[in-house]
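Note that the sequence shown covers residues -20 to -1, 1 to 503 in mature numbering (1 follows the signal peptide of the UniProt record, and there is no 0).
For every residue, glycine included, the Cβ atom is placed at its ideal position computed from N, Cα and C.
Read the structure below first, then the notes.
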Amino acid sequence: MNKHLIAVMLIVLASLPSRAATVNECEVSGYAFGFFNGVANTAMSATRGLNELRKQAGYSQYNGEDVEYRLFYNDSRFDENAKYLLGDLAETFDQRTNELDQRVAERWEAFWDVINGRSNSSIIERIISIVPAFAQLITDVFSTAVNEIITRFLQTLSSLSGGTINTDEVRMQHQLINDSYTWQGKKLVYVAHSQGNLWANESFNHVLGQEGYSADNIAIVHIAPASPILNGDYVLSSSDFVINGLQFTGPTSVPLPNALLPITRTDPSGHMLIESYLGQSKTRTKIKSQISNAFDRLSKPEMEDYLFQMSFEYSANFVQHHEKAQFDFVDTKKNREYCDFLCDAYLSKNASLRGYSLKPSENVKPLIFVERKEEQDEETNNEDGSEESSGGGDGAETEEGTGEDMQGKTRNIHVETCQKIPEEGSFLFGEFSNITDLSSPLDMTKKLKVIDRYGDTWISKTRDVSPRYEDGYSPCAGNGENIEIIASQAHYTSKQKIYLEKNDLSGNYRTGSTDLDGTCILH
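The following block contains the structure:
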């Protein structure tokens, strides 16, 4: 073969990524920025709102961690004609009452009195006493039919959260997105506009119900909130005639305004996200500051960078009189049969007829596992002090002893597959050690502890394979553990799984672990 061609091939092979460089799928890192749109938004207009908010946030990374942006679309399918009618009436009212020598707040209180049919309120009577023509304005502009349309619009808006208009579908989609983000351990910044605040509050409560999450891991910025419930900072303009109109459904139906914006021809309703709240420097600056504060205050959820950790603590005598333990995933099943203490289905006799090795089943779907060592070995460890395998890593090793005669040894195995876990959901992990001297001392023990990524302990036990008396024989020529770990999505319906796959979402997994009978090879 041409020497130059060989040289090129070697360079290419050397440049290929090694398995040891595989990214840890379980790493708890990153931020998710979600936008919840308001009523009567098409997917295109809602996406435009997300893009404008992304410009205001200005982060592709924060504190060195990636920021992902996503639309929590709320397809309210709601006729918005009344919203624009309300805006037009507000514009007419503003133009016709400029001559009133009254405070702005009081003038607009009169507006809502008229909308609510209270044409004889004390405020209106006082205005009429000053400007008699105001009575004709009420008659000309605010007819009974208009009152009914606007009232129905505002009452519908205030009750959409508990309505049936596409509610179940929207709720399912939002929950699946939240499941995915909380499974990945994302820090969450959610921004909502108008009725989207009702959905954002639902997501807030759903997230707090996920293991590992608290209010320190999610922040909400409310823009024009159509709800009195606030889970974060908010911005509401006093000239937002849509949201302030909800005040007459009850004195605490929405928060009090905390910003004053002029009425514009582009948005006489004062309610639109881009035209008003992001189009005016005062509220735009306020929103940008609140988003920045939301990012700044978030902390990492109480989760670990693995699916499971299995710790094997071997006593000094165990280490001295056994070969180095083998580890491997040996089986994957949806419905499992549990074997007894003498089970050797996952072992094969070595070619030398001396000892056994783990033998995974033909249909095993192994998960990636990594050994995180307490002390780094410069020759065998990765830079982070790990050895990696996706099945077969330590399973073929039969190295005798470890050289650690006077002390025990702890080996920490991290399972680091957290995405696209095979649907069987049950994975059998094997550990096995061949004995090197049947005439063994006492105190040959190993402790096993299995915890999941949330810190929940599933297995904690000690196994003693010592002889029955000093200088006696160990009962096992080789011994091992069979550990079932569970990561299942059986709680999702077929419809939900289709949505997850279609939208490239992980969803979450229900985890658990069971200690099966260990293995003892009798001599």
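- Going by DSSP, aspartate 213 is part of the beta strand (DSSP E) stretching over 212 to 215.
- With contact defined as three or more Cβ pairs closer than 8 Å, the region 14 to 26 and the region 168 to 178 are in contact.
- Out of Ser446, Ile271, Leu485, Gln153, the CA that lies nearest to the CA of tryptophan 163 is found in Leu485.
- Bounds of the alpha helix (DSSP H) holding threonine 265 are 261 to 277.
- Nearest to glutamine 399 by alpha-carbon distance, out of Val222, Lys262, Ala467, is Ala467.
- A Cβ-Cβ contact shorter than 8 Å links valine 169 with phenylalanine 275.
- Here DSSP, grouped into helix, strand and coil, assigns tyrosine 336 to strand.
- Boundaries of the beta strand (DSSP E) harbouring alanine 467: 456 to 468, taken from the DSSP string.
- For the pair aspartate 497 and phenylalanine 309, the Cα-to-Cα distance works out to about 16 Å.
- Annotation: the continuous alpha helix (DSSP H) that includes asparagine 181 extends over 176 to 188.
- By the CB criterion at 8 Å, proline 237 and serine 269 fall outside the cutoff.
- Of the residues Ser337, Ser332, Asp311, Leu287, the one whose Cα lies closest to the Cα of lysine 304 is Ser337.
- Three or more Cβ pairs closer than 8 Å define a contact, and the region 420 to 436 meets that threshold against the region 287 to 303.
- Shown here, tyrosine 453 sits in a strand according to DSSP, grouped into three states.
- Beta-bridge partners of cysteine 500 (DSSP): Asn459.
- Histidine 154: member of the alpha helix (DSSP H) spanning 147 to 164, first to last residue.
- The C-alpha of asparagine 273 lies about 18 Å from the C-alpha of leucine 30.
- Contact annotation: serine 440 and histidine 301 have beta-carbon atoms that are not nearer than 8 Å.
- In this model, asparagine 297 and serine 160 are separated by some 45 Å (Cα to Cα).
- The Cβ-Cβ distance between lysine 167 and lysine 280 falls below 8 Å.
- Going by DSSP, isoleucine 223 is part of the alpha helix (DSSP H) stretching over 221 to 224.
- For glutamate 45, the CB contacts under 7 Å within the same chain, skipping 5 residues up- and downstream, are Ser9, Gly10, Tyr11 in chain order.
- Under DSSP, glycine 38 takes part in no beta bridge, so it has no partner.
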